[in-house]
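Residue numbers for the sequence shown follow the numbering used here, so the first one is -19 and each next one is one higher. Even for Gly, the Cβ is constructed at its ideal location relative to N, Cα and C. The block underneath contains the structure these notes are about, expressed in structure tokens.
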Amino acid sequence: MLRSDLLMALPFFHADYDAAGVSAEGIDLDQAAADVGKFLVPFKCQVIQAGLAVTETCGGATPGVVKYDKRPTAGSDASRGDGDIAAFNMAATAAGKFLYDKAGLGTVLEPGEEVVVEIATQPTGGTPAGHFVPCLLVQALPEVAANLSNLVETT
């Protein structure tokens, strides 16, 4: 099979777009620890780089932490990872910076799996703040549809 070296960004879905924690600036870091969105995996691929754009300077005596977790079964936390794709210590990162993590480099993802974005630690003390926009770059891996057990054609 032919293989492309082009990188793609997977589609991202906010957990609740109407929630107070989501604005035009992105996801508010200054909210309780929780899942804030997920990347949909529509084809077999491997992770190249996880990242996030900081759109409001982060703050707080205890910095916020954002993690990207591999979820082997969409919608289920059974066997879910903990920062296995990426972990970001936001500290006092300035707006306009793009943070990246290659912890998940080479991790293979298949249809039916998700990568969940979670605020693992809410910033506290001082002046807690920060907004970010997640990104996950992948490289498609060629595969015959019949070999992807969670890829089901409807009729």
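- The continuous beta strand (DSSP E) containing residue 69 extends over residues 66 to 69.
- Take the alpha-carbon of residue 10 and the one of residue 67: they are about 17 Å apart.
- Taking residue 111 as the centre and dropping the five residues before and after it, the same chain places the C-beta of 5, 6, 8, 35 and 36 closer than 6 Å to its C-beta, in chain order.
- Of the residues -8, 20, 2 and 86, the one whose Cα lies closest to the Cα of residue 94 is 20.
- Spanning the alpha carbons of residue 128 and residue 89 requires a straight line of approximately 11 Å.
- Annotation: the region 31 to 96 contains no complete segment of the alpha helix (DSSP H) (minimum length 4 residues).
- With respect to the C-alpha of residue 79, the residue from 86, 87, 22 and 69 having the closest C-alpha is 69.
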